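Take the sequence shown: its position 27, counted from the start at 1, is 34 in our numbering, and no numbers get skipped. Beta carbons: idealized from backbone N, C-alpha and C, even for Gly. These figures come from a predicted structure and were not determined experimentally. Report on one structure; see the data block that follows.
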Amino acid sequence: MTTHKTAQTMKPATAAKKLGVYLEATPASFREGVVSRQELNALQADPPEWLRDLRRDGPHPRPVVAAKLGVSIAGLARGGVTEALTTEQIEVLKEERPEWLERERATQAEVRKEAQRIKERNAQRAAAESAGS
């Protein structure tokens, strides 16, 4: 009895998410098919021109927009940003520094600071437990 290994495939939306690009901005040939793991690896290793352009200029999906602005995805929504943005639009927001962006950046900084505090506290507890053993 032989087993045939089938290629692992994914929907275009999943592949776009893994590539960090906005699905609706990808070529129709990408959106209308399925993507194998091997094809995804090839796209990551040697991105075609359309992928390089999308990564550089956008439009970018919300997780990428949030990261470029230094806020959370929820912070984008609170700021009224619900659509994909281009790199140029992101740069304009960074220059204009609207109140919501400053507020969300401050919130994100507090979240990171608290996460670091908890990580350090847990590391100290773990060290104290292993020292006591």
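Here the alpha carbon of Arg69 sits roughly 26 Å from the alpha carbon of Gln45. Here the alpha carbon of Ser137 sits roughly 21 Å from the alpha carbon of Gln123. Bounds of the alpha helix (DSSP H) holding Ser36 are Ala35 to Arg38. For Gln51, the enclosing alpha helix (DSSP H) covers residues Arg44 to Ala52.
Put simply, of Arg128, Asn129 and Gly86 the residue whose alpha carbon is nearest the alpha carbon of Glu109 is Gly86. Contact check between the stretch 100 to 115 and the stretch 58 to 78: three or more CB pairs, one atom from each, fall below 8 Å, which counts as touching.
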